[in-house]
Amino acid sequence: MQHLRKGLTTRQAHVGVPDGTFEEEHGREGFFGPVSHLYHQNSPTNWLKIKGDCRPYCIDTRKMPSAAMPVPFLYNEDVALYKHQQVTADLFWSRNADGDWVLFIHEGHGFLETDYGPLTFHRGDYLVIPRGTTYRLVPEEPCYLLMIESRSSIRQPDRGLLGQHALYDPAAIEVPEPIAYETTTDKYEVRIKRNGELTSVFYPYHPLDVVGWKGTLYPWKLNIKEFRPVMSHRGHLAPSVHTTMLGDHFVICSFVPRPLEEDYDAERVPFWHRNIDYDEVIFYHDGNFFSRDGIEAGMVTFHPFGIHHGPHPKAYANQRKKDRTDEYAVMIDTRHPLKLTPEARESLFEDYWKLWQM
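So in my numbering the end of the sequence shown lands on 746, straight run, no missing numbers.
Shown next as structure tokens:
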């Protein structure tokens, strides 16, 4: 389609927004498709009330029940999100035949045993476990995890014009060294998850008996602090530039501390948008979450496509008072609509939608 310009607008998106207007981005295909900017006389999120399920949600995962197994809170046919707390190692090993795991360590440290060898983990680590890997978490202190289960293979983003060392250097990725564990008992259990059902397989030897491996499929680790954000000092960039890894029909992005835009008329907070093709989920890990009032570490916001979202009024009003962000968060954007689980609905911050009222 031809790019058109009508009425009172800016020359550059998110820069020099006309006084008395609120800029909204109406885009397709997750910031990659056709897009227009609309200049409203009122904030697109200054609603009186919302009736129905197409509304902003906030899930306090800290209030969700703890269980031996991960507790799901959002899911669709491509990806499922879980909260998991673990204090000690299981007496069995696990194998997920339903999908790849991305484990984000919100709290705690320990090591991950796998067929390929062990990986130590600490706060802020992403652990990627390919489908079919036999593994076990061994906490050395109580651990709190965000778990992302992907039906498709997890892969790294195409850096394109940015170059192969952008976002994070391949050298920042850690992989396991093989260790064959000794057999010290007469029975070992491996629990296989397939189609959501568990099957136990018992071995007379330690299932992690690999002495070597080679190939292109293996577990790997990356800490969120290794992520180097793409920035422009002159204009606010779309959140998709922070893509850290992806699966089919969803992306995982890392928000880390960065300088804010320097140009005097550049917007410094996320712009209002109705990103109509993607649901947006953000897990808040650490720091001061500037664009969101009332949000604390361990909470999750869920903004379904169809309804606007953007900065809270206080953040928008105070954007010139800050020079940099101070937050760590994980965003998951999904092409297909997500559903809340009963456990999530029981842990909602019910008045979250009111935080946008001016």
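All C-beta atoms in this analysis are idealised placements derived from N, C-alpha and C, irrespective of residue type, glycine included. All of these numbers come straight from a predicted model, not from anything done at the bench.
Subject >> Sequence-distant residues of its chain with Cβ nearer than 8 Å to His364 (five each side left out) >> reply: A question about residue 364 goes unanswered here, because the residues of the chain that appear run from 389 up to 746.
Subject >> Rounded separation between Pro725 and Phe693 - CA only >> reply: On the sequence shown, position 337 is the one that residue 725 refers to. On the sequence shown, position 305 is the one that residue 693 refers to. When rounded, the distance between both Cα atoms is 8 Å.
Original post:
Thr449 by DSSP, collapsed to three states: which one?
Top reply: In the sequence shown, counting from the first residue as 1, residue 449 sits at position 61. DSSP places Thr449 in helix when its eight states are reduced to three.
Subject >> Three CB pairs or more closer than 8 Å across the region 460 to 476 and the region 718 to 734 >> reply: yes
Original post:
In angstroms, rounded to a whole number, what distance separates the CA positions of Phe677 and Thr713?
Top reply: Numbered from its first residue, the sequence shown carries residue 677 at position 289. Numbered from its first residue, the sequence shown carries residue 713 at position 325. Rounded to whole angstroms, Phe677 to Thr713 spans 8 Å at the Cα level.
Subject >> His700 burial status per 10 Å Cβ neighbour count (16 or more: buried) >> reply: Walking along the sequence shown from the start, residue 700 turns up at place 312. By the C-beta density criterion, His700 is buried, having at least 16 other C-beta atoms within 10 angstroms.
Original post:
What residue does the beta strand (DSSP E) around Glu537 start on, and which one ends it?
Top reply: As a first step, residue 537 is located in the sequence shown; it is residue number 149 there, counting from the start. First-last of the beta strand (DSSP E) with Glu537: 531 to 538.
Original post:
Quick one: what's got a C-beta closer than 8 Å to Pro658's C-beta in the same chain, skipping five residues either side?
Top reply: Here residue 658 corresponds to residue number 270 of the sequence shown, with the count starting at 1. Contacts found: His624, Pro627, Ser679, Gly698, Pro699.
Original post:
Using 8 Å as the threshold, is the region 482 to 489 in touch with the region 578 to 596, meaning 3 or more CB pairs across them?
Top reply: With a cut-off of 8 Å, the region 578 to 596 and the region 482 to 489 count as touching, because enough Cβ pairs lie within range.
Subject >> Own chain residues within Cβ distance below 8 Å of Lys710, not counting five before or after >> reply: As a working mapping, residue 710 is identified with position 322 in the sequence shown. Closer than 8 Å at the Cβ level, and outside the excluded window around Lys710, lie Leu648, Arg656, Phe678.
Subject >> Glu734, buried or exposed, once every other Cβ within 10 Å from all chains shown has been counted against 16 >> reply: Sequence index remark: in the sequence shown, residue 734 carries index 346 (1-based). Glu734 is exposed by the Cβ-count criterion.
**OP:** Taking Met535 as the reference, give the member of Val403, Val516, Asp597 with the closest Cα.
**Re:** The residue given as residue 535 occupies position 147 in the sequence shown. Answer by Cα proximity: Val516.
**OP:** Let me know the beta strand (DSSP E) ranges lying completely inside the region 490 to 533, each 3 residues or longer, listed in chain order.
**Re:** Taking only runs of at least 3 residues, the beta strand (DSSP E) segments lying wholly in the region 490 to 533 are 498 to 502, 507 to 509, 513 to 517, 522 to 527.
**OP:** Using alpha carbons as the reference points, say which of Glu495, Lys702, Thr689, Tyr716 lies closest to Glu747.
**Re:** The first residue shown for the chain is 389 and the last is 746, placing residue 747 beyond what the model contains.
**OP:** Go through its chain and collect everything with a Cβ distance to Asp478's Cβ below 7 Å, but skip five positions before and after it.
**Re:** Locating residue 478 in the sequence shown gives position 90, where the first residue counts as 1. Within the same chain, Asp478 has close Cβ partners Arg524.
Subject >> Residue interval of the beta strand (DSSP E) (run including Lys609) >> reply: In the sequence shown, residue 609 corresponds to position 221, counting from 1. Membership of Lys609 in the beta strand (DSSP E) is indicated by the continuous run 608 to 611.
Original post:
Using the beta-carbon count (16 or more within 10 Å), is Tyr470 buried or exposed?
Top reply: What you label residue 470 is simply residue 82 of the sequence shown in a count that begins at 1. The residue is buried, with at least 16 neighbouring Cβ atoms inside 10 Å.
Original post:
Under three-state DSSP, which class holds Gln400?
Top reply: Taking the sequence shown and counting its residues from 1, one reaches residue 400 at position 12. DSSP places Gln400 in strand when its eight states are reduced to three.
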